[in-house]
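This report refers to the structure that appears directly beneath it.
Residue numbers (the working numbering): 256 to 883.
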């Protein structure tokens, strides 16, 4: 047992954690040499600590938990108040370096919790096989939690913290219903690895997944360095070396099983969506609509949860809002204080759904060094699902988007594929590119007339296009944006689809949510010379289009969005969208009115909703109104 003091051991730990953070929340050393961190960043300076005395300092412990199969999971433990007494416990469970030192978890010690960092089997200093995420990961975590609940430093009341890797691991663990686990905070989740990240719309994501996977060797070596420096644990380095070799096996190498272009096999085994319905404890999740790493889809796991036990905070923004938003941090603290500590703070009566709008960067710094965020408004809903009304807008000849179905007999619009479409939200070069003159024939835009009233939307949408092409297949990107009266076009959201994978799972599809089947038997070339219905899932979002603005829909070739890069079909094609009465292309979004700021959001401060100069004429007339 060692008692940490700010002038010595804690300062060493903090500096090492900052080193890990330079790589690390979801994966390696950044993208394209940008230095942007994938992993959830640790505090660069330690949390405020009590006076450095043996009675009140932070006590650090560590060890290994032996699983029933003989493998050993490394844990690191931080205890408040000189380690005297038993405490409610928060667990951070990931495949990075939490077993050597809690990352996000360290910030919770000053809230009166014991904090345990735990490494997934086969990662960092833990022995075993790295299955990335599946039921075995959940079973191991559940065993470790029950072990922890019996230790003298634990009072048996356990919660879980973290986002991204440590977020979706919580879902796997909670599905096993371990004794003592009272609440989870599963944030920034991947519960359907094929549809959420690996193959958005059936198109391979050749960016983030391989970048993420490639960062693990360096991260685990740093986990070994932490274990040796803080604890004198030289055994960890041998385990790390073994783990790095094992993940080269085809059955463990994520880049190998991502070569399967169809939503079967390991994608199903590793989809937590099929397990989350077993969770029977309170959960508070967060999601960012423009998350540059894992996107906002989250497999729609929240649909499987009991509404009375599911809380959700959504916002525009990036992957790290859990540590950059004081509002989110404060809500997490009240949630865990109520359900884990047992405080009677009334959280159970708070709204189950919160929508933080137009998160703005401020001049204050968060613990990860990024700008703190502040929303312009908060909308609250009683519980999930949020009830919306479908608003369908029709793509008309001449680039008009309107609420009346076209009546033209054979009208259509053409564009060239593939084209170099604009990049948006690349962390290495923030913003939204303009369309190059040479690429303007590679897109179609459809814009409403100026709106006569504010229109608010929430959740996913569907672009229902009638498409023909000169090629057997083509890849599609649909972008939703707001054309503002100040001459700026603000990014809202995107969706993608490989046309040959247009078949839907009818049992899970709705008017607003086209749920792709993506299996090989359902793959089919486009029918030549006739319109083919393709439904493109628009990723979840929330946005208020102000009166005087216009709604725009752009159809073009998939392009970099955040860290996502697309392995597009390179076959040249002339793509045609049809506007016939019988084959009328349209988009449908989920309308719901909610309180919001009156003014247009600041283009320079609104996180991950960049603006560019509008260069396409807005149609004359009056735009659509809210659905009745």
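Ideal placement from N, C-alpha and C gives every residue a C-beta, glycine not left out.
Excluding five sequence neighbours on each side, which residues of the same chain lie with their C-beta closer than 7 Å to the C-beta of residue i?
| i | result |
| --- | --- |
| residue 441 | 422, 423, 425, 426, 538 and 540 |
| residue 508 | 502 |
| residue 616 | 626, 628, 860 and 862 |
| residue 876 | 704 |
| residue 805 | 702, 703, 704, 705, 706, 738, 873 and 878 |
| residue 565 | 538, 557, 607 and 639 |
| residue 452 | 445, 460, 463, 464, 549 and 550 |
| residue 513 | 453 and 464 |
| residue 363 | 345, 370 and 416 |
| residue 716 | 767, 793, 842, 843, 844 and 845 |
| residue 505 | 511 |
| residue 665 | 835 |
| residue 384 | 376, 377, 501 and 507 |
| residue 880 | 707 and 708 |
Terminal residues of the continuous beta strand (DSSP E) containing residue i?
| i | result |
| --- | --- |
| residue 620 | 615-620 |
| residue 490 | That residue, residue 490, is in no beta strand (DSSP E); its alpha helix (DSSP H) goes 490-501. |
| residue 522 | No beta strand (DSSP E) contains residue 522, which is instead part of the alpha helix (DSSP H) from 521-524. |
| residue 547 | First-last for residue 547: undefined, no H or E at that position. |
| residue 212 | This structure leaves residue 212 out entirely; the chain is present only between 256 and 883. |
| residue 798 | 787-800 |
| residue 314 | 313-321 |
| residue 881 | No beta strand (DSSP E) contains residue 881, which DSSP labels as neither H nor E. |
| residue 347 | 342-349 |
| residue 451 | Counting along the chain, residue 451 falls outside any beta strand (DSSP E), and DSSP gives it neither H nor E. |
| residue 439 | 436-439 |
| residue 744 | 743-753 |
| residue 688 | Note, residue 688: premise wrong, no beta strand (DSSP E); not H, not E. |
| residue 354 | Note, residue 354: premise wrong, no beta strand (DSSP E); not H, not E. |
| residue 369 | 369-374 |
| residue 506 | No beta strand (DSSP E) contains residue 506, which DSSP labels as neither H nor E. |
| residue 329 | 327-334 |
| residue 644 | 644-651 |
| residue 806 | 805-811 |
| residue 560 | Unbroken run through residue 560: none, as it is neither H nor E. |
| residue 845 | 841-846 |
| residue 531 | Residue 531 -> no beta strand (DSSP E), and no H or E assigned at all. |
| residue 867 | 866-868 |
| residue 414 | 409-415 |
Alpha helix (DSSP H) containing residue i: first to last residue?
| i | result |
| --- | --- |
| residue 396 | 390-404 |
| residue 472 | 471-486 |
| residue 511 | 509-512 |
| residue 666 | No alpha helix (DSSP H) holds residue 666; DSSP gives it neither H nor E. |
| residue 421 | 420-429 |
Which same chain residues, not among the five before or five after residue i, have their C-beta less than 6 Å away from its C-beta?
| i | result |
| --- | --- |
| residue 369 | 334, 342, 344 and 408 |
| residue 417 | 347 and 359 |
| residue 763 | 770 |
| residue 488 | 482 |
| residue 486 | 317 |
Report the CB separation of residue i from residue j in whole angstroms; it is logged as a contact under 8 Å.
| i | j | result |
| --- | --- | --- |
| residue 439 | residue 462 | With 8 Å as the limit, residue 439 and residue 462 do not qualify as a contact, their Cβ atoms being about 29 Å apart. |
| residue 436 | residue 429 | 6 Å |
| residue 709 | residue 802 | 5 Å |
| residue 724 | residue 828 | 5 Å |
| residue 669 | residue 831 | 5 Å |
| residue 376 | residue 395 | 5 Å |
| residue 807 | residue 700 | 6 Å |
| residue 667 | residue 819 | The Cβ separation is near 30 Å, so there is no contact. |
Ordered along the chain, which non-local residues of its own chain (more than five positions away) have a Cβ less than 8 Å from that of residue i?
| i | result |
| --- | --- |
| residue 865 | 679, 680, 685, 686, 687, 745, 746 and 858 |
| residue 275 | Confidence is the limiting factor: at residue 275 the pLDDT is only 34, short of 50, which leaves the residue's position unreliable, though a coordinate-based value still follows. Correct list, in chain order: 294, 297, 351, 352, 356, 358, 474, 477, 478 and 481. |
| residue 742 | 868 and 869 |
| residue 401 | 433, 434 and 435 |
| residue 825 | 673 |
Would you say residue i reaches chain B, if we count a Cβ-Cβ gap shorter than 8 Å as a contact?
| i | result |
| --- | --- |
| residue 829 | As a matter of chain content, chain B is missing from the structure shown, which is built from one protein chain. |
What are the uninterrupted segments assigned as alpha helix (DSSP H) that are 4 or more residues long and contained completely in the region 576-634, given in chain order?
-> Entirely contained in the region 576-634, the alpha helix (DSSP H) runs reaching 4 residues are, in chain order, 576-579 and 581-591.
Is the number of C-beta pairs between the region 446-464 and the region 567-586 that are closer than 8 Å three or more?
-> A contact between stretches requires three or more CB pairs, one per stretch, nearer than 8 Å, and the region 446-464 fails this requirement with the region 567-586.
Evaluate contact between the region 782-793 and the region 694-708, counting only Cβ atoms and requiring at least three cross-stretch pairs below 8 Å.
-> The region 782-793, when compared against the region 694-708, does not touch it at the 8 Å Cβ threshold.
Validate contact between the region 762-774 and the region 650-665 using beta carbons, cut 8 Å, 3 pairs = Touching, no.
Would you be able to state if there are at least three C-beta pairs under 8 Å between the region 833-850 and the region 526-535?
-> At 8 Å Cβ cutoff, the stretches do not touch.
Taking 8 Å as the threshold, find out whether the region 548-560 comes into contact with the region 580-600 through three or more Cβ pairs.
-> Flag = no, the region 548-560 and the region 580-600 do not touch.
Counting Cβ pairs, one atom from each stretch, are 3 or more of them under 8 Å apart for the region 369-384 and the region 393-412?
-> Contact holds between the region 369-384 and the region 393-412, because three or more Cβ pairs, one in each stretch, are under 8 Å apart.
At a cut of 8 Å, does the region 637-657 reach the region 595-602 through at least three beta carbon pairs?
-> Taking 8 Å as the limit for Cβ pairs, the verdict is that the region 595-602 does not touch the region 637-657.
Say whether the region 718-730 touches the region 747-756, bearing in mind that this needs 3 or more beta-carbon pairs closer than 8 Å, one atom from each stretch.
-> With the cut-off at 8 Å, the region 718-730 and the region 747-756 touch.
Say whether the region 583-592 touches the region 482-492, bearing in mind that this needs 3 or more beta-carbon pairs closer than 8 Å, one atom from each stretch.
-> Touching, no, given that fewer than three Cβ pairs across the two stretches are closer than 8 Å.
Which whole runs of the beta strand (DSSP E) in the region 705-729 are 3 residues long or more, in chain order?
-> Within the region 705-729, complete beta strand (DSSP E) segments of at least 3 residues are found at 710-724, given in chain order.
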